[in-house]
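Numbering (the working numbering), first residue to last: 61 to 170. Positions of the beta carbon are idealized from the N, C-alpha and C atoms, including for glycine. Only one structure is covered here, and it is reproduced in the block below.
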């Protein structure tokens, strides 16, 4: 996975994810704070994890904005690369998708 991660830096108030943009990537927060989808994202959080579930659904556009609150360093993982990697590990892929659905359910419903 480390081979396909790319480092991205955002300044305070800079847009990270935009409403209506295609769902093609997600970010792992390395340093700083971001806000989006009515929550805060800090070190270790996944920003844009809708890419994990909505890849195979009809919803292919972001439904929320996210922006940096502080200087923000993230590792970007493209949806395409993620699923290429997971295709080599079917058991883990299935578990990963279940966890992603649970995560989004918690965010959307609770």
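- Scanning the stretch 90-133 for uninterrupted alpha helix (DSSP H) segments of 4 residues or longer gives 110-113, listed from N- to C-terminal end.
- The criterion of a C-beta distance shorter than 8 Å is satisfied by residue 70 and residue 128.
- In the DSSP assignment, residue 143 falls within the unbroken alpha helix (DSSP H) covering 139-147.
- Rounded to the nearest angstrom, the Cβ distance from residue 147 to residue 153 is 7 Å, consistent with a contact under 8 Å.
- Taken through DSSP and simplified to helix, strand or coil, residue 136 comes out as strand.
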